[in-house]
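Student:
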Amino acid sequence: MKRILFLSYLFFLTGMLHAADIPDVVIGDDQYNQDMCVERSANDCINTMCLTSEDRDCQDKCQTDAEDKCKEQSE
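Per mature numbering (1 follows the signal peptide of the UniProt record, and there is no 0): the sequence shown = residues -19 to -1, 1 to 56.
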(Lines of atoms letter the chains of each structure in order from A and count residues from 1; the text may use other names and numbers.)
(Lines give C-alpha, C1' and ligand atoms only; values in the text may rest on other atoms or scores of the structure.)
Protein backbone atom coordinates (compact mmCIF):
# COMPACT_ATOMS: atom_id res chain seq x y z
CA MET A 1 0.00 0.00 0.00
CA LYS A 2 2.84 2.37 0.87
CA ARG A 3 4.48 1.58 -2.42
CA ILE A 4 1.35 2.53 -4.37
CA LEU A 5 1.03 5.81 -2.49
CA PHE A 6 4.70 6.58 -3.00
CA LEU A 7 4.55 5.85 -6.74
CA SER A 8 1.40 7.92 -7.18
CA TYR A 9 3.07 10.78 -5.28
CA LEU A 10 6.09 10.63 -7.60
CA PHE A 11 3.84 10.48 -10.64
CA PHE A 12 1.91 13.60 -9.65
CA LEU A 13 5.04 15.44 -8.55
CA THR A 14 6.78 14.92 -11.89
CA GLY A 15 3.58 15.85 -13.71
CA MET A 16 3.36 19.14 -11.84
CA LEU A 17 7.00 19.96 -12.51
CA HIS A 18 6.59 19.26 -16.19
CA ALA A 19 3.42 21.36 -16.43
CA ALA A 20 5.15 24.38 -14.88
CA ASP A 21 7.87 24.45 -17.53
CA ILE A 22 7.04 27.03 -20.23
CA PRO A 23 8.82 26.14 -23.46
CA ASP A 24 10.94 28.78 -25.18
CA VAL A 25 8.98 28.25 -28.39
CA VAL A 26 5.85 29.77 -26.85
CA ILE A 27 7.80 32.76 -25.59
CA GLY A 28 9.36 33.15 -29.06
CA ASP A 29 5.90 33.03 -30.64
CA ASP A 30 4.81 35.98 -28.54
CA GLN A 31 7.75 38.05 -29.74
CA TYR A 32 7.11 37.01 -33.35
CA ASN A 33 3.45 38.01 -33.06
CA GLN A 34 4.45 41.37 -31.56
CA ASP A 35 6.93 42.00 -34.40
CA MET A 36 4.37 41.02 -37.03
CA CYS A 37 1.78 43.34 -35.47
CA VAL A 38 4.21 46.27 -35.57
CA GLU A 39 5.27 45.53 -39.13
CA ARG A 40 1.70 45.15 -40.39
CA SER A 41 0.43 48.28 -38.62
CA ALA A 42 3.38 50.38 -39.75
CA ASN A 43 2.98 49.25 -43.37
CA ASP A 44 -0.75 50.00 -43.31
CA CYS A 45 -0.08 53.48 -41.98
CA ILE A 46 2.68 54.15 -44.50
CA ASN A 47 0.54 52.95 -47.41
CA THR A 48 -2.48 55.01 -46.40
CA MET A 49 -0.96 58.14 -44.88
CA CYS A 50 2.60 58.67 -46.08
CA LEU A 51 2.01 58.28 -49.80
CA THR A 52 0.02 61.51 -49.86
CA SER A 53 1.70 63.28 -46.92
CA GLU A 54 4.41 65.88 -47.21
CA ASP A 55 5.59 65.22 -43.64
CA ARG A 56 9.22 64.09 -43.72
CA ASP A 57 8.87 62.10 -40.50
CA CYS A 58 5.73 60.27 -41.58
CA GLN A 59 7.33 56.83 -41.72
CA ASP A 60 9.01 57.29 -38.34
CA LYS A 61 5.71 58.42 -36.82
CA CYS A 62 3.95 55.40 -38.33
CA GLN A 63 6.58 53.09 -36.84
CA THR A 64 6.27 54.68 -33.39
CA ASP A 65 2.47 54.64 -33.50
CA ALA A 66 2.48 50.99 -34.57
CA GLU A 67 4.80 50.02 -31.71
CA ASP A 68 2.59 51.83 -29.19
CA LYS A 69 -0.60 50.34 -30.62
CA CYS A 70 0.72 46.77 -30.56
CA LYS A 71 2.17 47.20 -27.08
CA GLU A 72 -1.25 48.28 -25.79
CA GLN A 73 -2.93 45.33 -27.51
CA SER A 74 -0.56 42.83 -25.95
CA GLU A 75 -1.19 44.07 -22.41
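Don't be surprised by glycine CBs; every beta carbon is placed ideally from N, CA and C.
Please classify residue 55: is it buried, with 16 or more other beta-carbons within 10 angstroms of its beta-carbon, or exposed?
Tutor: exposed
Student: With C-beta atoms as the reference, is residue 23 less than 9 Å away from residue 12?
Tutor: no
Student: Measure the Cβ-Cβ separation of residue 43 and residue 18 and say whether it is below 9 Å.
Tutor: The criterion of a C-beta distance shorter than 9 Å is not satisfied by residue 43 and residue 18.
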